[in-house]
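Residue numbers (the numbering used here): 1 to 555.
Laid out in structure tokens, this is it:
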């Protein structure tokens with residue numbers, strides 16, 4: 001425990017009393033906005049809170065108080081409703097600060113990172129730039145790999161860098177949209193590793209190497225796809241453009257630091273991430289990404305006692321609903337209970353939504369309309385009763401987490417499927433899945449074979465089965481009406497047959513990398529579930545065409 005946590009007990013009573021008083025002043029100001037004295041008292045108190053936190057050396061807490069103080073000073077007497085966002089942000093920040101300090105009292109490790117979301121909400125309300133996730137993180141940003149001879153830049157390398165940037169952009173766009181994130185991250189990572197290889201020995205390569213390590217870490221640890229991280233990876237795209245236009249351009253230290261923080265946070269065992277971590281001697285962090293998120297939800301949410309009280313109330317409503325459902329199933333209930341039953345379920349659904357149990361709320365919402373239409377107990381289908389009973393059991397398991405202070409973040413849908421339509425649909429989906437997996441296996445086999453061919457200085461034995469394997473992939477794609485992708489796979493098979501197996505000389509390493517780019521694009525196309533949904537991602541196929549054209553091959 002740090003000095004701040006140990007010193008907190010000496011100032012605790014005064015600090016908590018001042019925070020509570022400040023919240024009262026702000027709440028009163030909401031009702032009497034012409035009362036400048038209330039606002040001035042709040043400003044004075046926030047200055048005092050900041051001073052106390054500075055005295056006990058709680059850096060993150062002090063910064064939160066400073067941001068709240070700055071924002072409060074910006075609010076004028078007679079503030080209109082346009083200032084409600086700022087007033088709400090200040091009150092919420094004080095709530096988070098109190099919860100954070102209470103955790104420190106309970107011997108929690110000091111983690112100022114927990115306060116960054118609240119700090120950034122204050123800065124956003126004051127129209128200031130948010131602080132990066134790495135704000136409280138210290139790292140050796142200037143550490144570089146041993147220098148190697150730089151490769152000359154020419155028109156060919158510039159064209160390749162633009163194609164690799166296109167590859168990165170395709171993965172980035174899908175990642176931003178939360179579409180197949182793992183495959184998207186791998187595509188972005190390949191683009192950066194190829195750029196690092198292309199510009200080896202030049203200052204710009206450091207960004208690509210560290211960026212690849214951050215993408216590997218994001219994928220391996222399944223870090224949360226936060227807006228700030230999407231913006232960071234989008235920033236890399238802009239850096240690629242700047243470095244393509246100016247050979248001497250070097251990425252800002254702040255971008256490298258943000259990427260290093262993701263690598264440290266993930267603690268990935270991936271090859272690139274480990275290399276970066278060893279070179280820069282990244283510190284071990286006392287928390288994980290998901291731990292930070294869970295703890296912030298607790299800080300910003302209702303207190304533990306409130307959660308437990310809500311849990312008890314929800315359990316009572318669940319018990320009443322289950323009792324009525326049991327009577328209906330036994331056939332001993334009267335029709336008059338149906339209206340009350342619907343009211344209980346509707347009230348329960350709203351309560352679940354209010355406490356953040358969106359998965360449980362959505363599951364119950366699916367049944368409300370059906371229950372509302374129940375007029376006669378004798379006409380209720382047994383299947384509907386069983387489905388509702390299953391949902392109530394599911395809800396009960398979700399509610400149990402409230403007693404431990406757990407929070408449900410993700411929505412979970414519980415949508416019924418029409419059994420009359422599902423059989424034929426499942427048959428088609430199963431067929432597509434089989435073709436999809438076989439196609440991905442064929443492309444992966446081709447990529448591995450090319451790597452072995454290169455490492456063995458052109459031993460053609462490694463390529464013997466590749467053209468026929470790719471032609472099988474082509475046939476599967478044609479069967480599913482994916483003609484453009486099928487022709488591209490066929491072009492790759494033809495290149496391997498004529499330029500590698502039948503040729504006397506081995507293609508250059510750059511040509512083999514370009515062929516692998518084309519196969520990677522097609523693999524990404526399949527990983528996106530295109531065969532399951534029959535949607536063509538034209539931009540990915542455009543990228544494959546670019547690689548094939550660079551090889552002098554037409555699909």
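Cβ atoms here follow ideal geometry from the backbone N, Cα and C, with glycine treated the same way.
Collapsed DSSP secondary structure at residue i in the structure displayed
i	result
residue 83	helix
residue 75	coil
residue 408	At residue 408 the pLDDT is 39, less than 50, meaning the model places this residue with poor confidence; the figure from the coordinates comes in the next sentence. Of the three classes helix, strand and coil, the one that applies to residue 408 here is coil, per DSSP.
residue 28	helix
residue 557	Limits of the chain in this structure are 1 at one end and 555 at the other, which puts residue 557 out of reach.
residue 362	helix
residue 19	helix
residue 180	coil
residue 297	helix
residue 369	helix
residue 415	Residue placement at residue 415 is flagged as unreliable, the pLDDT there being 42, under the threshold of 50; the coordinate-derived value follows with that caveat. Looking at residue 415 - three-state DSSP - the assignment turns out to be coil, as it is neither helix nor strand.
residue 468	helix
residue 175	helix
residue 168	helix
residue 13	helix
residue 473	helix
residue 394	helix
residue 331	coil
residue 88	helix
residue 506	coil
residue 200	coil
residue 68	helix
residue 451	helix
residue 458	coil
residue 336	coil
residue 226	coil
residue 191	helix
residue 553	coil
residue 58	coil
residue 288	coil
residue 344	helix
residue 163	helix
residue 445	helix
Distance CB(residue i)-CB(residue j) smaller than 8 Å
i	j	result
residue 517	residue 291	no
residue 188	residue 175	yes
residue 256	residue 216	no
residue 501	residue 463	yes
residue 65	residue 53	yes
residue 381	residue 364	no
residue 443	residue 389	no
residue 218	residue 266	yes
residue 61	residue 97	yes
residue 473	residue 496	no
residue 384	residue 370	yes
residue 553	residue 491	yes
residue 299	residue 100	yes
residue 199	residue 241	no
residue 318	residue 395	yes
residue 279	residue 153	no
residue 519	residue 484	no
residue 159	residue 207	no
residue 38	residue 32	yes
residue 232	residue 191	no
residue 123	residue 112	no
N- and C-terminal bounds of the alpha helix (DSSP H) containing residue i
i	result
residue 514	509 to 527
residue 220	205 to 220
residue 550	538 to 550
residue 41	36 to 55
residue 495	483 to 495
Closer than 7 Å: residue i CB and nearest the ligand NAP heavy atom
i	result
residue 516	Looking for the ligand NAP in the displayed structure turns up nothing, as the structure carries no ligands at all.
3-residue-minimum beta strand (DSSP E) runs that sit fully inside the stretch 231 to 277, ordered along the chain: none
Length at least 4, wholly inside the stretch 90 to 132: the alpha helix (DSSP H) runs in chain order: 116 to 125
Whole alpha helix (DSSP H) elements within the stretch 131 to 160, 4-residue minimum: Counting only runs of 4 or more, we get nothing.
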